[in-house]
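Reviewing the structure listed below.
2 protein chains.
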Amino acid sequence: MTLEIPEVVINRLPVYARALADLAARGETVVSSQALGEMLDVTPAQIRKDLSYFGRFGKQGRGYNVQGLLAKLREILGIDRQWRVCLVGVGRLGQAIAEYGGFGPQGFQIVAAFDANPDVVGKQVGGVTVRHIDDLDAYLRANRVDIGIVAVPASEAQSVVDRLVNAGIKAILNYAPITAHVPRDVTIRHIDPVLAMQSMTFYIKRSESSGAK
Amino acid sequence: MTLEIPEVVINRLPVYARALADLAARGETVVSSQALGEMLDVTPAQIRKDLSYFGRFGKQGRGYNVQGLLAKLREILGIDRQWRVCLVGVGRLGQAIAEYGGFGPQGFQIVAAFDANPDVVGKQVGGVTVRHIDDLDAYLRANRVDIGIVAVPASEAQSVVDRLVNAGIKAILNYAPITAHVPRDVTIRHIDPVLAMQSMTFYIKRSESSGAK
Chain V
1 MTLEIPEVVI
11 NRLPVYARAL
21 ADLAARGETV
31 VSSQALGEML
41 DVTPAQIRKD
51 LSYFGRFGKQ
61 GRGYNVQGLL
71 AKLREILGID
81 RQWRVCLVGV
91 GRLGQAIAEY
101 GGFGPQGFQI
111 VAAFDANPDV
121 VGKQVGGVTV
131 RHIDDLDAYL
141 RANRVDIGIV
151 AVPASEAQSV
161 VDRLVNAGIK
171 AILNYAPITA
181 HVPRDVTIRH
191 IDPVLAMQSM
201 TFYIKRSESS
211 GAK
Chain E
1 MTLEIPEVVI
11 NRLPVYARAL
21 ADLAARGETV
31 VSSQALGEML
41 DVTPAQIRKD
51 LSYFGRFGKQ
61 GRGYNVQGLL
71 AKLREILGID
81 RQWRVCLVGV
91 GRLGQAIAEY
101 GGFGPQGFQI
111 VAAFDANPDV
121 VGKQVGGVTV
131 RHIDDLDAYL
141 RANRVDIGIV
151 AVPASEAQSV
161 VDRLVNAGIK
171 AILNYAPITA
181 HVPRDVTIRH
191 IDPVLAMQSM
201 TFYIKRSESS
211 GAK
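Chains as they are written, first to last, in UniProt numbering: chain V, 1 to 213; chain E, 1 to 213.
As structure tokens, this is what we get:
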């Protein structure tokens, strides 16, 4: 049985893991919640509370063992293993995703890519040959895939998500600018720079109206 | 004076605005919080509570006026105007960002791009000529820029963020895989697909261990 851990806590753990990996790479062996908090602009209390969901870490007044906590977080998050990822949509954005160098070193291997455009099918991107989208279901029946990345136009995105879900994929990273629907047992994350910018313009506008002469 | 509105609320408003724009495009004139909630997988109560920070919208039992609420949200968020964006880092990722077709229609115009690589400087990307990074500060003194997009390698990212902040930029969209630091009066959003995937593997792993035979 697992305690119900808030999703915001789960979302922060990879950030902690990345900071600990940086510290380990610099040869640091111990870090206080204070110092970790300063690295990440969060309070030490929040770090301690987030970690408390998973047991007891660190000794009062002595900080956390960097390697020990990193290993534990990697195990909790499952980022100590290799994950098989398929990419659907190999337009300009999909190509950039396929060729992004940041996934492989973190254990995320793009094992297949799919597109409907005959000009793209058969091309090499990021080390895989683009397959036709009609082969998606058969591929997913025959091969283990853990995560689906959706980089198709907005109008196609929900139907691609549905196909991934029906094929048993439990985690979807959606780059299309829609709120895609998934069943409760499927996790989805949206990557949407426009929404991110739109949430910042509120603050720009407010600072102008309060600060301007 | 502005009420202190939680950041999570501000972050949801662009999602509401996008759904309302979709409804308007389909010719819908009225929407209930129930129907809007179903579109977005949030509860009607949350929608009503989020909107209540900004005044009274909709009439009890009659739903929201789609065009009216959309116009109001666009005004609140400042997405009813044009925003000037500069891009720093025009490697593979930066090129994909510069050529992404989704920013312009939403009022985000990339007005300048910068890189340190002499092979890239002088090239055209997304309608602008890439300038040398050494010209960043002079450019920002001479031209209004509202938002800076950072797409440089992790090792360079904090120093680029600092330069943007020192030049008076109040909003930064960071694609580099670091937790960049900014002063309190600057807003920053991180776009990080690796962290998003790492937060999903927790759930995949958990469902395997609870659901597997």
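For glycine and all other residues, C-beta sits at the position ideal for the given N, C-alpha and C.
Proximity winner among the options, relative to residue i (alpha-carbon distances)
i: R84 (chain V); options: V:Y175, V:G102, V:I147; result: V:I147
i: N65 (chain E); options: E:V31, E:P183, E:G122, E:R163; result: E:V31
i: P105 (chain V); options: E:F202, E:Q198, E:C86, E:R206; result: E:Q198
i: K72 (chain V); options: V:K170, V:L87, V:I191, V:R56; result: V:R56
i: D137 (chain V); options: V:F114, V:F202, V:T129, V:I149; result: V:F114
i: Y53 (chain V); options: V:E28, V:V8, V:V88, V:V182; result: V:V8
i: V150 (chain V); options: V:D119, V:K49, V:I110, V:S33; result: V:I110
i: V186 (chain E); options: E:V194, E:N166, E:A176; result: E:N166
i: R74 (chain V); options: V:V15, V:I47, V:P118; result: V:V15
i: L140 (chain V); options: V:V160, V:V125, V:V121; result: V:V160
i: D50 (chain V); options: V:I76, V:T29, V:Q82; result: V:I76
i: V194 (chain V); options: V:I169, V:R144, V:Y175, V:P118; result: V:Y175
i: F108 (chain E); options: V:A196, V:S207, V:N11, V:I10; result: V:A196
i: G127 (chain V); options: V:I169, V:R12, V:L87; result: V:L87
i: G102 (chain V); options: E:I204, E:R48, E:D192; result: E:D192
i: T43 (chain E); options: E:V120, E:A116, E:R12, E:S210; result: E:R12
i: P6 (chain E); options: E:N117, E:A17, E:D162, E:Q46; result: E:Q46
i: E208 (chain V); options: E:G168, E:I204, E:F202, E:T179; result: E:G168
i: K170 (chain E); options: E:K205, E:T29, E:V145; result: E:V145
i: K205 (chain E); options: V:G27, V:A17, V:G78; result: V:G78
i: A19 (chain E); options: E:R62, E:G63, E:L70; result: E:L70
i: I188 (chain E); options: V:P177, V:M200, V:V125; result: V:M200
i: V125 (chain E); options: E:P118, E:A98, E:D119, E:D135; result: E:A98
i: Y100 (chain E); options: V:P177, V:S210, V:F202; result: V:P177
Run of the alpha helix (DSSP H) containing residue i, from where it starts to where it stops
i: Q34 (chain E); result: 33-40
i: I178 (chain V); result: No alpha helix (DSSP H) holds I178 (chain V); DSSP gives it neither H nor E.
i: D22 (chain E); result: 7-25
i: A157 (chain E); result: 154-166
i: V66 (chain E); result: 66-77
i: K49 (chain E); result: 44-52
i: D137 (chain E); result: 136-142
Chain V contact residues for residue i, given Cβ-Cβ distances below 8 Å
i: K205 (chain E); result: L77, G78
i: P14 (chain E); result: V194, L195, Q198, S199
Within chain E, partners of residue i - CB distance below 8 Å
i: F108 (chain V); result: V194, M197
i: D41 (chain V); result: T179, H181
i: E99 (chain V); result: R92
i: I10 (chain V); result: S199, F202, Y203
i: A19 (chain V); result: T179
i: A96 (chain V); result: R92, L93, Q95, A96
Beta-bridge partners of residue i, as assigned by DSSP
i: R84 (chain V); result: V:Q109
i: A171 (chain E); result: E:I147, E:T187
i: R131 (chain V); result: V:F114
i: V30 (chain E); result: E:N65
i: Q124 (chain V); result: V:T129
Segment limits, beta strand (DSSP E) that includes residue i
i: I97 (chain V); result: Note, I97 (chain V): premise wrong, no beta strand (DSSP E); alpha helix (DSSP H) at 92-99.
Chain-ordered neighbours of residue i on chain V, where CB pairs are closer than 7 Å
i: G102 (chain E); result: P177, V194
i: A25 (chain E); result: Ordered by position in chain V, no residue passes the 7 Å Cβ test against A25 (chain E), which lies about 12 Å from the chain.
i: I191 (chain E); result: I191, P193, A196
Proximal residues of chain V, C-beta to C-beta of residue i below 9 Å
i: L87 (chain E); result: Those do not exist, as L87 (chain E) stays about 11 Å from chain V at its closest Cβ, beyond 9 Å.
Residue i beta carbon near the ligand SAH (any heavy atom closer than 7 Å)
i: V160 (chain E); result: Among the ligands in the structure shown, none appear at all, so the ligand SAH cannot be discussed.
Chain-ordered neighbours of residue i on chain E, where CB pairs are closer than 9 Å
i: D115 (chain V); result: Within 9 Å Cβ-Cβ: nothing; D115 (chain V) doesn't reach chain E, min ~16 Å.
i: I147 (chain V); result: M197, M200, T201, I204
> Using 8 Å as the threshold, is the segment 155-164 of chain E in touch with the segment 91-102 of chain E, meaning 3 or more CB pairs across them?
Replying inline: Remark: fewer than three beta-carbon pairs, one from each stretch, lie closer than 8 Å, so the segment 155-164 of chain E and the segment 91-102 of chain E are not flagged as touching.
> When you check each C-beta in the segment 169-188 of chain V against every C-beta of chain A, which residues fall closer than 7 Å?
Replying inline: In the structure shown, chain A does not exist; the protein chains are V and E.
> Does the segment 34-42 of chain V touch the segment 9-23 of chain V, meaning 3 or more C-beta pairs lie closer than 8 Å?
Replying inline: Taking 8 Å as the limit for Cβ pairs, the verdict is that the segment 34-42 of chain V does touch the segment 9-23 of chain V.
> When the Cβ atoms of the segment 178-194 of chain E are set against those of the segment 120-137 of chain E, are three or more pairs found closer than 8 Å?
Replying inline: Flag = no, the segment 178-194 of chain E and the segment 120-137 of chain E do not touch.
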